[in-house]
Amino acid sequence: MVSFQFFSNLLYGIHFLLPLSQPVGYNVLPFLDGQLFLPFINWSCHHPTPLMVLCGFNPTKILNEPVLQTCLTRHSLTLYGGSLVADGFSDLTGGAAASPQLKGSALPFGLTTSFSCFYSLSSVKAQRAAASSANPPPKWQTSSGSPPIVVARGGFSGVFPESSQYAYQFAMSPTTVKDVVLFCDLQLTKDSIGICKNDLRLDNSSNIASVFPKRGNTYKVNGQAVHGWFSVDFTADELFSNVTVIQDIFSRPSVFDGSMPMSTIDDFQQLKPPGLWLNVQYYTFYTEHKLDPVEYVTLASSDIRFNYISSPEISFLKGLDLSSMQMQPKLIFRFLGVDDNEPTTNQKYGDLLKNLTNIKTFASGIVVPKEYIWPVGSDGYLKAATTLVANAHGLGLEVYVYGFANDMPGSYNYSYDPVSEYLQFIDNSKFSVDGVLTDFPSTASEAIACFAHNQKNATASTGQPLVITHNGASGVYPGCTDLAYKQAVDDGADIIDCSVQMSKDGVAFCLDSTDLVGSTTAMPTFMSRISSVPEIQNNTGIFSFDLTWAEVQTLKPFLFSPYSRLGLVRNPAAKNVGRILALPEFLAFAKGSSIPGILINIQNAAYLASEKGFAVVDAVSSALANASFDKDTTKRVLIQSDDTSVLSAFKKNPNYERVLLITEQVGDAPKRTVDEVKQFANAVNVIRSSLMAYNGAFLSHFTDITSKMQQANVSVYVSVLRNEFTTVAYDFFSDPVMEIASFVGGLGVDGLFTEFPATARAYLRSPCSNLDAKLPYTILPAEPGGITSLAAPESLPPAQSPAPPLEPADVVDPPLPLAKVAATPQEAPADEGEASSQPPRHAVNVAPCLLLVVLSFICLSSR
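Numbering (full-length UniProt numbering), first residue to last: 1 to 863.
Right under this line is the structure:
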């Protein structure tokens, strides 16, 4: 009999193209070192066949308890009006496969339907028991006192083409809160059929321009000439029979382009989401083309239950007769840019904002751009909040905010953490907006359900992964500076790190690399010291061992932005602030702070010993002893190196934990290699792609390196985590928190090396980091292949070759050479300034002059 514990940590996903009503089964196959994996199920069906929502299983014969009542725990039963039951598994003995018979509830959608479910079984227990949670809900500063609502703009448009079938369905998955509201921007066809598209120009989000290349047009829209392909020029049949949707933002996945038709308003409502929000952006434009959005919405509301109807045009909202509607929706006035003109009154929206009392006469709420509440200055930093929310709430107006997207950073204040941006609007001491419109409803759900009102929770690291810095809080301040370390302590890091470099005169100090070019202002000042050291790196550089400590101290640190070429610059106001610390200064700071531990990273020890005469191991050992870290059991000391000989040198002190750094991508860790690692290290630090293999920007699979190392009692740390969305796989929804949750909850790593410790600590501090907690919502780890399983195989990037396994030869290094007796370095003159560190000009020119003289003699003698 297979135990519950056997399944409890198993991640699985079920992909289904919603099938016909016939029962289907699937095999349970071995996966990842003896665990079981439920492979994706693939069926297909086409319009107009009635379709089935099928998701989940109930292996009562194996587990003697229903592990999963429904995959869509919150949605399937309440929204689709059906039930999901599993007849059970056959007994698993001798490797026999189980074939449950699954049944589902009907969902007429009129389109080829697909969906994905992502679950870890340990989290399902929490979701099943959510209703019994004894924790009282926190008091919100919204107008109603209830949590803000999450409005999915065009569905989950941050991943799928906006307003597409997948986008709307995925927005209702367990990745979002149960009361998510789906948002549809209404466009009308020539024959007055309503479709959902965010842009009036259909060519921005569909292939219509290639299907009908000669039917583009130019129209006046709010007084401006706009060229494009417009719905008013096409019948519904033309659009649905020929045109497919595409992703309209190029930084987002394009693998779903061309796979789905447009969605009608009827398709939209047949999903029966908890809430529907209809936005009519271009009322005047449609009336000019003999189409009446007021009439359309009034008629549609007899069958469709709209919860919210919004528009930036006053005449549309005033023209609606709510008494004739099945359910009286909330009317929301949408503000555009402060300098844009409202078509009805021809007043600027900024002027209309000054008279909210008038807005209250025809609307129950407003929806505004983010900058209306938290303005952003020209420098990219937040200004003081406006009083808009308080003013509107005082009049009884609800306030909603639009413009949220994980891949569109709002301000440097957020350090590229999208959750931090949401919290600025929903969890501050002054106000909370009533809802947010977002392209990534999962992240908004996290912010509301997991992070809000939990930011001040005590930092309890017991049983949780370590938060280990990479050069301190180097996403906020220049790495390895006093400010980066102070910020890391404030942000709740467990371990701060120092990568030890050596100056020309033998002073050990903290900096990410021995090449000073990337992290300091060395280049303009010490260009004459550029040299090539192939033993360290392929490129030329200015190396620390070629500058005295006094010269190093004249340098300004530089805040490195790894994605600056993409416009993602880190905290520019702090570009050159802070001070580089000598190793004793770093140790003294750590000793006097509340930080639980330190990590000393030692690289290039063999080269420094053989070529420069520096015994780095001795320098570090002496510094640790002088600071009493060799005997201090109150703070953890981690020694990291990619050289096993360095780690062996610290083995004599049992208080030191040794970490083997593995910088190359590996795909496996055979037992013989793990046994070799265990001789030298207590832990390994591996790059992300060694634990989660990628295929392009998508996850392909989890490797079993984590489990193999941990089974041998070797801890596994992952590096380096960053917040910028460009470094986060699409499977994580451009959300660094989702990536952290997947490493922690999905793989169970023991530590996270991060340049943004605040983001990691905020997740671990939140209740959602405990997948066994009884919560109505939690952050589920990603399932590799879950997103790509929805795409056509020909649209995916070519499969990448598997990474090689880690071999014993990759681990073991030769003994360290003895350090040569280095010549006593010449000290810089006391009055030598920063500029005077350059060698005299005549000294630079001596060698070329001598060479010319020698060549002259050679030429003369050859004649």
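Cβ atoms here follow ideal geometry from the backbone N, Cα and C, with glycine treated the same way.
> By a C-beta neighbour count over all protein chains shown, 10 Å radius and 16 as the cutoff for buried, is Gly745 buried or exposed?
Replying inline: buried
>> Please classify Thr759 as buried or exposed, where buried requires at least 16 other C-beta atoms within 10 Å of its C-beta.
In response: buried
>> Buried or exposed for Ala762, going by 16 or more other Cβ atoms inside 10 Å?
In response: buried
> Would the beta-carbon of Val243 fall within 7 Å of that of Val211?
Replying inline: yes
>> Please give the ranges of any alpha helix (DSSP H) in the stretch 678-707, keeping only runs that are unbroken, at least 4 residues long and fully inside the region.
In response: 688-691
> So is residue 865 buried or exposed if we call it buried at 16+ other beta carbons inside 10 Å?
Replying inline: This structure cannot speak to residue 865, because the chain is shown only from 1 to 863.
> Could you give the distance in angstroms between the alpha-carbon of Asp512 and the alpha-carbon of Ser544?
Replying inline: Taking the straight line from one Cα to the other gives about 11 Å.
> Between the beta-carbon of Phe702 and the beta-carbon of Pro784, is there less than 7 Å?
Replying inline: A distance below 7 Å separates the beta carbons of Phe702 and Pro784.
>> So if DSSP puts His470 in a beta bridge, which residue, or which two residues, is it bridged to?
In response: His470 is bridged to Ala473.
>> If contacts are defined as beta-carbon pairs under 8 Å, then Ala236 and Thr189 qualify, I think. What distance do you get, rounded to the angstrom?
In response: 5 Å
> For Leu188, does the three-state DSSP call read helix, strand or coil?
Replying inline: strand
> Where does Phe753 land, buried or exposed, given buried means 16+ other C-beta within 10 angstroms?
Replying inline: buried
> For Leu852, is the classification buried or exposed, using 16 other Cβ atoms within 10 angstroms of its Cβ as the cut-off for buried?
Replying inline: Residue placement at Leu852 cannot be trusted, given a pLDDT of 36 that sits under 50; the coordinates are not used to answer.
> For the alpha helix (DSSP H) that Ser769 lies in, which residues bound it at each end?
Replying inline: Here Ser769 belongs to no alpha helix (DSSP H), and DSSP marks it neither H nor E.
>> Using 8 Å as the cut-off, can you tell me whether the stretch 598-608 makes contact with the stretch 473-485, which would need three or more C-beta pairs spanning the two stretches below that distance?
In response: Taking 8 Å as the limit for Cβ pairs, the verdict is that the stretch 473-485 does not touch the stretch 598-608.
>> With the cut-off set at 7 Å, would you say Ala741 and Ile779 are in Cβ contact?
In response: yes
> Which ranges does the alpha helix (DSSP H) cover as unbroken runs of at least 4 residues, wholly within the stretch 354-390, from first to last along the chain?
Replying inline: 356-359
>> Pairs of beta-carbons, one from the stretch 160-180 and one from the stretch 215-232, closer than 8 Å: are there three or more?
In response: no
>> If contacts are defined as beta-carbon pairs under 8 Å, then Gln501 and Thr514 qualify, I think. What distance do you get, rounded to the angstrom?
In response: 5 Å between Cβ atoms; contact.
>> Less than 7 Å between the C-beta atoms of Asn682 and Glu657, yes or no?
In response: yes
>> Quick check on the burial criterion: 16 or more other C-beta atoms within 10 angstroms. Buried or exposed for residue 864?
In response: Since the displayed the chain opens at 1 and closes at 863, residue 864 lies outside it and no answer follows.
> Under the rule that 16 or more other beta-carbon atoms within 10 Å means buried, what is Ala573, buried or exposed?
Replying inline: exposed
>> In whole angstroms, give me the CA-to-CA distance for Ser164 and Thr673.
In response: Near 48 Å, if we compare the C-alpha coordinates of Thr673 and Ser164.
> In the DSSP assignment, what residue or residues form a beta bridge with Met502?
Replying inline: Ala508
>> Are the CB atoms of Val399 and Val433 within a distance shorter than 7 Å?
In response: Yes, the pair counts as a contact, with Cβ atoms nearer than the cut-off.
> Where do the ends of the alpha helix (DSSP H) carrying Gly592 lie?
Replying inline: 583-592
> What span of residues does the beta strand (DSSP E) with Asn217 cover, start to end?
Replying inline: 217-221
> Okay, do the stretch 657-669 and the stretch 633-647 touch, 3+ Cβ pairs below 8 Å being the bar?
Replying inline: yes
> In whole angstroms, what is the alpha-carbon distance linking Cys450 and Asp351?
Replying inline: 37 Å
> What number of angstroms, rounded off, separates the C-alpha of Ser801 from the C-alpha of Leu423?
Replying inline: Going by the C-alpha atoms only, they are around 41 Å apart.
>> Just to confirm the assignment, what range does the alpha helix (DSSP H) spanning Glu288 have?
In response: First-last of the alpha helix (DSSP H) with Glu288: 283-288.
> Taking just the CA atoms, how far does Leu624 sit from Leu483?
Replying inline: Computed Cα separation, rounded: 22 Å.
> From this set, Asp233, Phe743, Ser429, which residue's C-alpha is nearest Phe213's C-alpha?
Replying inline: At residue 213 the sequence reads Pro, which differs from the Phe that was named. Looking at the Cα atoms, Asp233 is the closest of the given residues.
> Do the CB positions of Val150 and Ala452 come within less than 7 Å of each other?
Replying inline: With contacts defined by Cβ atoms closer than 7 Å, Val150 and Ala452 do not form a contacting pair.
> Which whole runs of the beta strand (DSSP E) in the stretch 249-287 are 3 residues long or more, in chain order?
Replying inline: 275-279
>> Can you confirm whether the stretch 372-388 touches the stretch 339-347 when touching is taken to mean that 3 or more C-beta pairs between the two stretches lie within less than 8 Å?
In response: no
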